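K.L.:
Residue numbers (our numbering): 277 to 619.
Have a look at this one before I ask anything.
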Ligand code: CP3
């Protein structure tokens, strides 16, 4: 029997959809916090293949999710290209910035990324040995725009202002960075697939700040290029695209890019998305992650509404964005029980 997640990605409608959760290995779990302390810090955990595999497996053991997502981060790729990267506790990532040609010229390219990223591929190999046979392993990378926003600003930003400014003021440099990231992302995801990833997901967390022609040029086109090249190298590996907060631009995104599934954030209504996005194939989503903090009847009602809205087509149940550190692990169990009972 084929795995539930792969069946959904293959277009099958299932009475009970497969379930996994963005950031399912994370700080809301005491066992994650313990392993991270053992590793020392977040980046040391990412590059310690044994411990990264361990934290990937923790939510599978606890909840029996249908998929495991490789434990790593989208910012490891800029680091592998030569950017400095560190995490400030309680604040988030910091990187060396790219604001002028000279900063870009210091970046590497080609096979050199694998020197840094080899431990990540080793994590994938360990996971393929250790995961239960019904659990699908998802690899991932950030989409070029989202990764570029962090590389340009050197940190997370509320409106991606520095990236928008570079795009407007030095388009050739911005385009060169996007091209470098597009090629590196293809190589990185291909290597994850060769190590054993069965599905890959492209996270474009800041796609929503690209409007009109910019959305086509910097969110849709790079996704299309990456997916086309992955499909030519690995024709049977499904791709999930997540152009977060794309809104109306979710419509037609799968067809235009060749993605096998579009992941939806919780700003779109499930009924609207069923009518306008799921008509083209599998969708993933889209419970608001705050329900993992608040729980109760609202969690149950909203979970049921999402399962019902997407019940006539291929669907992967997920949150609309990552689970937060203040979430209650019991609410995750309540969500899973609700999905598996109501369907
Ligand atoms: O989902 C998973 O369980 C797999 C692992 C994973 C992480 N980050 C681990 C992580 C994945 C898929 C990501 C993706 C990621 N990383 C994205 C795209 C998805 C999204 O959330 O929009 C982005 C933008 C990043 C960059 C990043 N990493 C930020 C902005 C932060 C700090 C914010 C925060 O939540 O603390 C991180 C840190 C990070 N990545 C943590 C985890 C578990 C928390 C670090 C810790 O343990 O201290």
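Heads up, the beta-carbon is just placed ideally off N, CA and C, and yes, glycines get one too.
All values derive from a computational prediction rather than experimental measurement.
Can you have a look at residue 293 and say buried or exposed, based on whether 16 or more other CB atoms are within 10 angstroms of its CB?
P.N.:
Buried.
K.L.:
For residue 617, is the classification buried or exposed, using 16 other Cβ atoms within 10 angstroms of its Cβ as the cut-off for buried?
P.N.:
Per the 10 Å Cβ criterion, exposed.
K.L.:
Which residues does DSSP list as the beta-bridge partners of residue 480?
P.N.:
In the DSSP output, where bridge partners are listed per residue, residue 480 has 519.
K.L.:
Under 7 Å: does the beta carbon of residue 341 sit that close to some heavy atom of ligand 3?
P.N.:
Here the bound small molecules are ligand 1; ligand 3 is not part of this structure.
K.L.:
For residue 395 versus residue 320, is the C-beta spacing smaller than 8 Å?
P.N.:
Result no, Cβ atoms of residue 395 and residue 320 do not sit closer than 8 Å.
K.L.:
So, under 8 Å CB-CB, residue 329 and residue 390 are touching, yes? Tell me the CB distance rounded to an integer number of Å.
P.N.:
Rounded, the Cβ-Cβ distance is 19 Å, inconsistent with contact.
K.L.:
Measuring alpha carbon to alpha carbon, tell me which residue in 445, 520 and 457 is nearest residue 384.
P.N.:
The shortest C-alpha separation from residue 384 is found at 457.
K.L.:
Alpha carbon to alpha carbon, what distance is there between residue 479 and residue 417?
P.N.:
Their backbone Cα atoms lie some 6 Å apart in a straight line.
K.L.:
Which residues in the same chain as residue 531 place their Cβ atom closer than 6 Å to its Cβ, once the five residues preceding and following it in sequence are excluded?
P.N.:
Closer than 6 Å at Cβ, skipping near neighbours: 556.
K.L.:
If you reduce the DSSP assignment to three classes, tell me which class residue 447 lands in.
P.N.:
Helix at residue 447.
K.L.:
With a threshold of 7 Å, establish whether the CB of residue 416 neighbours any heavy atom of ligand 1.
P.N.:
Yes, since a heavy atom of ligand 1 falls inside the 7 Å radius drawn around the Cβ of residue 416.
K.L.:
DSSP puts residue 415 in a beta bridge; with which residues?
P.N.:
In the DSSP output, where bridge partners are listed per residue, residue 415 has 476.
K.L.:
Please confirm whether residue 421 and residue 495 have their CB atoms less than 8 Å apart.
P.N.:
Their beta carbons are under 8 Å apart, which means residue 421 touches residue 495 by this criterion.
K.L.:
Could you check whether the segment 479–490 touches the segment 501–512, counting it as contact only if at least three pairs of C-beta atoms, one from each stretch, sit closer than 8 Å?
P.N.:
The segment 479–490, when compared against the segment 501–512, does not touch it at the 8 Å Cβ threshold.
K.L.:
Pick out whichever of 482, 614, 465 and 521 has its Cα sitting closest to the Cα of residue 504.
P.N.:
Measuring from the Cα of residue 504, the nearest candidate turns out to be 465.
K.L.:
Could you check what DSSP says for residue 369 in three-state terms: helix, strand or coil?
P.N.:
Strand at residue 369.
K.L.:
Would you decide whether residue 508 is buried or exposed? Buried here means 16 or more other CB atoms lie within 10 Å of its CB.
P.N.:
That one is exposed.
K.L.:
Comparing alpha-carbon positions, which option in 591, 481, 296 and 363 lies nearest residue 434?
P.N.:
It is 481.
K.L.:
For ligand 1, is there any heavy atom lying closer than 7 Å to the beta carbon of residue 591?
P.N.:
Result no, Cβ not under 7 Å from ligand 1.
K.L.:
Per DSSP, which residues does residue 560 bridge with? Please list them.
P.N.:
DSSP lists 539 and 592 as partners of residue 560.
K.L.:
Which class does residue 620 belong to by DSSP, given the choice of helix, strand or coil?
P.N.:
Because the chain is modelled from 277 through 619, residue 620 falls outside the range shown and cannot be assessed.
K.L.:
Kindly examine ligand 1 and report whether one of its heavy atoms sits closer than 7 Å to the Cβ of residue 598.
P.N.:
Correct: residue 598 has its Cβ closer than 7 Å to ligand 1.
K.L.:
Report whether the distance from the Cβ of residue 327 to the nearest heavy atom of ligand 1 is below 7 Å.
P.N.:
No, Cβ of residue 327 sits at least 7 Å from all heavy atoms of ligand 1.
K.L.:
Can you tell me the Cβ-Cβ gap for residue 582 and residue 562, rounded? I've got them flagged as a contact below 8 Å.
P.N.:
Confirmed, Cβ separation roughly 6 Å.
K.L.:
Which value, in whole angstroms, describes the spacing of the CA atoms of residue 441 and residue 568?
P.N.:
One C-alpha to the other measures close to 36 Å.
K.L.:
Between the segment 370–379 and the segment 302–315, can you find at least three pairs of beta-carbon atoms closer than 8 Å?
P.N.:
No contact exists between the segment 302–315 and the segment 370–379.
K.L.:
Quick check on DSSP: helix, strand or coil for residue 329?
P.N.:
Residue state, collapsed to three classes: helix.
K.L.:
In three-state terms, what does DSSP make of residue 362?
P.N.:
DSSP places residue 362 in strand when its eight states are reduced to three.
K.L.:
Nearest by alpha-carbon distance to residue 332: which of 558, 406, 431 and 278 is it?
P.N.:
Selected option, being the one with the closest Cα: 406.
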